[in-house]
Structures are given as C-alpha cells and as structure tokens.
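Note that this note's numbering has the sequence shown beginning at 922, numbered continuously upward. Quick reminder that beta carbons are idealized off the backbone N, C-alpha and C, glycines included. None of the values given here were measured: they were computed from a predicted structure.
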Amino acid sequence: MAKKKKWDYSPAPESKQPAAISRRYELFINGKWQQPTSGSYFSSINPATEEKLSEIAAANEADVNKAVQSARLAYEKYWKKITPAERGKYIFRIARIMQERARELAVTETMDGGKPIRESRDFDIPTAANHFFYYAGWADKLDFAFPNKKASALGVAGQITPWNFPLLMAAWKIAPALATGNTVVLKPAETTSLTTLKLAEIIQEADLPPGVVNIITGAGQTGALLTKHMDINKIAFTGSTEVGKIIQRTLAGSQKKLTLELGGKGANIIFEDAPIDQAVEGVINGIFFNQGHVCCAGSRLYVQESIAKIFIKKLKDRIGTLLVGDPLDKNTDIGAINSAQQLKTIQSYIKIGKAEGASFYESDCALPKKGYFCRPSLFTNVAQSNRIAQEEIFGPVLCILTFRTDDEVIEKANNSPYGLSAGVWTDKGSRIFNISKRIRAGVIWANSYNLFDPTSPFGGYKESGFGREGGLQGLQPYVQLS
Ligand code: NAD
Ligand code: MN
C-alpha cells in the first residue's frame, strides 16, 4: 500500500541525446572494428525501460585468438620498444579525451547499466579518467615505484570486468597495464559493454598503436576462452567469487599471473560515541550507493546495542526519503537493478531473510511500472549465522546486527568468508586503530564509507580475492621485478 509521498519533486531528466549509441558494435581488434567470426550479436538493454539499446558482437574462439595475437604482435612490435615517457603520453591522452566525452560516457553508462546519472556523472566517469591521469604519471617513474629493482612488463594481459562499474573497472585494469608496458585484451560484462566500447573509440582517437588495447565482447564463455588462452601472461578478473574460483582452477599450473577482485560482505560498525546523523548518512551511502551493486558495500551493519533503537529509527526515516526511479533523473537516489536476473537474486534473498526469521522493513515508495526496480530495505533481528548475513546479496538490502563490546564486534565482523571492506564509526582515534588493525579486510573506512581515489590501493582478503588495484600497489601485478 503506497503512502503519500513526503514531498514531490519535478522530474529533472537528463537528455538521452549525448549518449549517441550506435545501432551495432563490432569487436575492437588490432585497432580496427571487426565483425565477429560467428556473425552473431547479442542485445544490450536499458534496465530502467527494458528497451534494446544496441547489438553487440559475440566473440568466439577465433576472435579471442585474433585479439590475443594482435596484442602479442603490438607488444613485440611497438609497445615494448617505445620509451616509458611516450607510453605515459598515450595514457594521458586517453584521460583527456575521456574528459571531453564525459557527458556522453555518463549518459551511456546510466542508460546501459541503470545507475543514477548523478553517480555516473559525478563519480564513475571522472574517477575513471583520473585513473588514467594517475597511471600516466607512473609510466616513466617505475624505477621510483620499485627502488633498486628493474621492473619489466609481463606481455599480454587478459582482463575481465563486471557490470557494476563498467567504465571505472575498465580504467582500473587498462591504465596500470599500459603504464607498465603491457598490452591488453579486455572483455566487459555482457549487460554493460557500451562505455567500454566507447573507450575503444577513445583509444582509437588517441592514436594508440594498433593492437595495444583490444576490446572483445561476449558472455561468460568468451571470458573463459580468454583465461584459457596459452599466449596470455596475466589475467585480471573482477566479478563473482564463483567465477573467480573457476578461473583459479583454469590457471593452476600455468605461468600466468593472476589477480582476483571478488565479492564482499562489508561490516559497517557503529559505536555509541559515533556522530549519529553522519553515521546514518554513511550507512545509507554504504549500502544504497549504486543500488547496492557494490562489492565493498557496507551490507552488514553492526550497531552498538545502546544506540540501536534510535539508530534504526533514523535509518528507517531516511530510507523513506530516498527517491527510486528514472536513473536519468538528476534527483534519483536509487536507479534500476542491472538485470532481471539480478533483481530475481535480490528478491530471493529477501524471501530467504524472512524465512530465517529476520524482520523486514522497506520503503513504501512507488516503483516505475517498467524496468527492474527494487525498494531500499533493511532486516533487523538478524542472526550472525543467517544466510542474509553471510552471503552477498548485491542489492539495496541492509542486514542489521547489534553488539556490546569491541572484541565481540571484531569477532563477528571477521566471521565471514569475505574480507574486502569495512567501516568504523567512533569518536575515538585509538578505537579506530584497534578495530582497523584487527579486522581482516582490504579497505577500512573510518567515519566515512565508499570513498575512492586512484592513489589508494583496493583489494581483498580471503574469498574476496587477492592482488591490489589502484595506487603504487596496483602496478605490481603487471610487472616482473629483477
Ligand atoms: P560474473 O562473475 O558471472 O561476471 C563477471 C564477468 O566475468 C563478466 O564479464 C562475465 O561475462 C565474466 N564471466 C562469467 N563466467 C566466466 C568464466 N567462466 N570465465 C571467465 N569469465 C567469466 O558475475 P555476474 O554473474 O555478473 O554477477 C553474479 C554475482 O557476482 C553478483 O550477484 C555479485 O555477487 C557478484 N559481482 C561482484 C562484483 C565485484 O565487483 N566484485 C561485480 C559484479 C558481480
Ligand atoms: Mn545494458
């Protein structure tokens, strides 16, 4: 039953015009757009409207072979031979063109993936460009990154990205690979290939030597073919833990280097001395940012018992004000769920949570008739052993647990197969150091959540994967040190 809205906003939709999406996209191999050998294409839709946006080439084994071969040739013929400073210039040029085409990229990202335009415009696209700027700077300074050592490129890197931050993940992967002198074959996720294909256009426009970056599109099988290819030196993967394990098995016994950035179940910990209103905002941002399609989302909330009642009340009030709807509307807080399949997964976890005996609360906002949407929600009375507290939901669903002491919350936070991220909210600096030292997670935010910067490394412990992306540490997986 829909209650009356607390207030009405006039719609403020962004125009679709700047996206300039082509009817069809081919494979970007050896600096040229090439038709797929199989002649087959798949559709990418807009999850907010269920409209087809474009047709995208499906790469088969012959195409994967062609792309890897062209990356190898480009490595031997051009990329290995040019000076590091020259490499830096190319990367810098990519960043500049991304900035010039920022609006086009933001609108495309929002239409293809469902995230609010405010996020693609103010976060995804600028942060992706900043990644290229940052790694452009490292290209000719590798001697300083690895003092007293010589860093050499590995060769050809095969990279596979997920659908939650399509362009940003492509930037996280391509920028450090190029800076360290590797060439690339990258496969984006099948529901969100468009901004990566536009990045291929940008790479063409930046006049990179042909084959230095190849973009091949397709579903999981295309990714699997890439991981199996014998002439690849390194695989970088971001996605589900399940596929991460498959890739690990594929690579076992080979010489390929591997980095995996997988799922998470971030513990966001609120102590009674935390600034309550700021913490409420931080929790909201931690879980509802990008529809909860965030591997480092603060999806497990631990609130100290003494403030639990007031904190949960404030969270519920705030959830009631979040605007769910048209991702192209600048007012929208929560856009569309990326795919019908992901929406089904989220809905099935909501059922599981209810069956496990947790109490469910959701916003009473109206949802658009078309498209894949989900109200922001939370569970209270959650037990540590519940599936909703242990497994990744990857949607706008928060699980709330309580604790009394520091030791107790550390034990609970660490009781997870994952270890990607955590948050700690408290007035005491000593407590921040104590907690963050003892929590097994790659990124721990203090009195904040979901902040990113190209200079800061990102990556997990345990089943959240290994290896770091971003920062000086992000160069390491792409070099051989001697
Ligand atoms: P996924 O792991 O299946 O897909 C990620 C990428 O891997 C895509 O490009 C996909 O085409 C490719 N892929 C699929 N199977 C492959 C294989 N056998 N070999 C090589 N590449 C393969 O993830 P998904 O199905 O899109 O999402 C499922 C779950 O993954 C989500 O519910 C969420 O829990 C998690 N996820 C995590 C992240 C993250 O950032 N860590 C991102 C997206 C999804
Ligand atoms: Mn799409």
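In this chain, the beta strand (DSSP E) harbouring ASN1135 covers 1134-1136. Per DSSP, the unbroken beta strand (DSSP E) holding GLY1079 starts and ends at 1077-1081.
The Cβ-Cβ distance between GLY1274 and CYS1295 does not fall below 7 Å. According to the DSSP assignment, LEU1396 belongs to no beta strand (DSSP E), since it is labelled neither H nor E. According to the DSSP secondary-structure assignment, ASN1371 is paired through a beta bridge with no residue.
Counting only the Cα atoms, THR1031 lies some 6 Å from ILE1038.
Listed in chain order, the beta strand (DSSP E) elements of length 3 or more contained wholly in the segment 1204-1269 are 1221-1225. Between PRO1375 and the set ARG1008, LYS1094, LEU1063 and GLN938, the nearest pair of CA atoms involves LYS1094. When the Cα atoms are used, LEU1089 and THR1048 turn out to be separated by approximately 7 Å.
A distance below 7 Å separates the beta carbons of GLU935 and LEU1249. When distances are taken from the beta-carbon of SER965 to the heavy atoms of ligand 2, the shortest one is below 6 Å. Linking LEU1129 to PHE1013 through their CA atoms gives a straight-line distance of about 11 Å. Judged by DSSP in its simplified three-state form, GLN955 adopts strand.
Under the three-state reduction of DSSP, TYR1055 is assigned to helix. Between the segment 1187-1194 and the segment 1255-1273, the count of Cβ pairs shorter than 8 Å is below three; the stretches do not touch.
Shown here for ALA988: same chain residues with a beta carbon closer than 6 Å to its own, the five before and five after excluded, namely ILE950, VAL1106, ASN1135 and ILE1137 in chain order. No Cβ-Cβ contact shorter than 7 Å links PHE1053 with ALA992. If the five residues before and after PHE1232 are omitted, its C-beta is found closer than 6 Å to the C-beta atoms of VAL1224, all from its own chain and listed in chain order.
Beyond the five residues adjoining it in sequence on each side, ALA1066 comes within less than 8 Å, by CB distance, of TRP1059, ALA1072, LEU1393 and LEU1396 in the same chain, given in chain order. Between ligand 1 and the CB of ASN1069, the shortest heavy atom gap is not smaller than 6 Å.
If only uninterrupted alpha helix (DSSP H) runs of at least 4 residues are considered, those enclosed by the segment 979-1025 are 982-995 and 1005-1021. Counting the other Cβ atoms within 10 Å of the Cβ of GLY1278 gives fewer than 16, which makes it exposed. In the DSSP assignment, GLU1126 falls within the unbroken alpha helix (DSSP H) covering 1115-1126. Rounded to whole angstroms, the gap between the alpha carbons of GLU1226 and GLY1256 is 32 Å. The residue among SER943, PHE1324 and ILE1123 with its C-alpha nearest the C-alpha of LYS1230 is PHE1324. A distance below 6 Å between beta-carbons, with the five flanking residues on each side excluded, links LEU1183 to the following residues of its chain, in chain order: THR1162, GLY1165, SER1385 and GLY1386. In the three-state reduction of the DSSP assignment, THR1376 falls in the coil class, being assigned neither a helical nor a strand state. Distance from the CA of ASP1285 to the CA of TYR1055, rounded to the nearest whole angstrom, comes to 43 Å. Our two residues, VAL1400 and ALA1140, have alpha carbons roughly 29 Å apart in a direct line.
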